[in-house]
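K.L.:
Residue numbers (the numbering used here): 141 to 471. C-beta: ideal position from N, C-alpha, C; glycine also. Bear in mind that the values here come from a model prediction, so they are computed numbers and not experimental data.
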Ligand SMILES: [Zn+2]
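Below is the structure:
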């Protein structure tokens, strides 16, 4: 077996067992946070059940190769980037796929429909799927993926075999980067620490080191702001306030992570990246107490909520800057 899906060996063992015992379900619901490899797993399953070799997925037979290169005629992938409004998957977006479900597979053993972000199916589209899942043709396998299980209709959940993916351990991520991607140990460890248990995130960080540089620079800026005067802080946020919300949230999320990591490192000695240790030492140098870090975390969370509520970004960010303890003696 050559699974492209990394980590979660219990899950792949279970699927291998189901395939070898011919106990496949007609519907799977794979849930878990973003970038855990839900789509990779779904494609692997479709290769495994259509593979012509004895240890599926072999990654070398014509079926596996056609599936992995995205040209297999029995595999359809529905995702937001293929629909008209980019916000939800409606009945018109799935009509073509659904019209073919009762046809026999053209080249493989099974027809496959994979729906990415299935929590974004409109109610009408979800109900159309539900109808098929109530009496699925034996040659059809539907795989629904979601990062928001709560938004899936309970009636759909009850018709699917659930696969819940948890974040994978930093050791597993680090080992995969070293073994599969030839990463050096120190770089792999640092990436594993900040990947949040997501192999996809780890690979993204590994493939594009500039993401890590931006992260480090943003961490330095936070230390500079903590040590800066009110005027310097306001200058920074007056520029930041012009950014898109997604950009501001990314910076605030990083600040949250840095503060949480600093607290965990300082109190229970959790292992964190070298750069996060540098951030922690910065806080220590400025005489930050744990209580102040906790309050700061609370203020960042409040700021994120207010931005989501469309409160004026500049006002929110200025308020956040005022809530920083004043470490410089100037104002
Ligand atoms: Zn194969």
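So, at 8 Å on beta carbons, what are the nonlocal neighbours of residue 398 in its own chain, with the 5 sequence-adjacent residues on each side left out?
P.N.:
Numbered from its first residue, the chain shown carries residue 398 at position 258. Excluding sequence neighbours, residue 398 sits near 359, 362, 416, 419.
K.L.:
Roughly how many angstroms separate the alpha carbons of residue 453 and residue 395, rounded to a whole number?
P.N.:
For the purposes of this step, residue 453 is taken as the residue at position 313 of the chain shown. For the purposes of this step, residue 395 is taken as the residue at position 255 of the chain shown. Using only the alpha carbons, I get a separation of about 17 Å.
K.L.:
Within the same chain, show all residues whose beta-carbon is closer than 7 Å to that of residue 414, passing over the 5 residues directly before and after it, in chain order.
P.N.:
Taking the chain shown and counting its residues from 1, the one referred to as residue 414 is at position 274. Result list for residue 414: 330, in chain order.
K.L.:
Ligand 1 heavy atoms versus the CB of residue 201: any closer than 6 Å?
P.N.:
In the chain shown, counting from the first residue as 1, residue 201 sits at position 61. The answer is yes for residue 201.
K.L.:
At which residues does the beta strand (DSSP E) containing residue 423 begin and terminate?
P.N.:
For this step, residue 423 is matched to residue 283 along the chain shown. Run containing residue 423: none in the beta strand (DSSP E); it sits in the alpha helix (DSSP H), 414-425.
K.L.:
When you compare the segment 260-268 with the segment 153-171, are there three or more beta-carbon pairs, one atom per stretch, that lie closer than 8 Å?
P.N.:
No: the two stretches stay apart, fewer than three of their Cβ pairs being nearer than 8 Å.
K.L.:
According to DSSP, is residue 163 part of a helix, a strand, or is it coil?
P.N.:
As a position in the chain shown, residue 163 is number 23, starting the count at 1. The answer is coil: DSSP assigns residue 163 none of H, G, I, E or B.
K.L.:
Under three-state DSSP, which class holds residue 90?
P.N.:
Residue numbering for the chain in the displayed model covers 141 to 471; residue 90 lies beyond these limits and cannot be assessed.
K.L.:
Do residue 195 and ligand 1 come close, with the Cβ less than 6 Å from some heavy atom?
P.N.:
Taking the chain shown and counting its residues from 1, the one referred to as residue 195 is at position 55. No.
K.L.:
By Cβ distance, which residues of its chain are closer than 7 Å to residue 475, with the 5 residues on each side in sequence left out?
P.N.:
Outside the shown range of the chain, which is 141 to 471, sits residue 475, and nothing can be said about it.
K.L.:
Looking at residue 399 and ligand 1, is the gap between the Cβ and the nearest heavy atom below 6 Å?
P.N.:
Taking the first residue of the chain shown as position 1, residue 399 is located at position 259. Every heavy atom of ligand 1 is 6 Å or more from the Cβ of residue 399, so no.
K.L.:
Below 8 Å on the Cβ atoms is my guess for residue 180 versus residue 145; work out the distance and round it to an integer in Å.
P.N.:
Working through the chain shown from its first residue, we reach residue 180 at position 40. Working through the chain shown from its first residue, we reach residue 145 at position 5. Yes, they are in contact, since the Cβ atoms of residue 180 and residue 145 sit about 5 Å apart, within 8 Å.
K.L.:
If you count every other CB in all the chains shown that lies within 10 Å of the CB of residue 171, and 16 or more means buried, which is it?
P.N.:
Sequence index remark: in the chain shown, residue 171 carries index 31 (1-based). Label assigned to residue 171: buried.
K.L.:
Taking three-plus beta-carbon pairs below 8 Å as touching, is the segment 314-331 in contact with the segment 402-409?
P.N.:
As far as the Cβ criterion goes, the segment 314-331 does not touch the segment 402-409, which means the pair count is below three.
K.L.:
Return helix, strand or coil for residue 149, following the three-state DSSP convention.
P.N.:
For the purposes of this step, residue 149 is taken as residue 9 along the chain shown, with counting starting at 1. Helix, per DSSP.
K.L.:
Measuring only from the beta carbon, is residue 300 closer than 6 Å to any heavy atom that is part of ligand 1?
P.N.:
Translated into the one-based positions of the chain shown, residue 300 becomes position 160. For ligand 1, not one heavy atom lies less than 6 Å from the Cβ of residue 300.
K.L.:
Give the DSSP-derived three-state secondary structure of residue 252 in the structure shown.
P.N.:
As a position in the chain shown, residue 252 is number 112, starting the count at 1. Residue 252 falls in the strand class under three-state DSSP.
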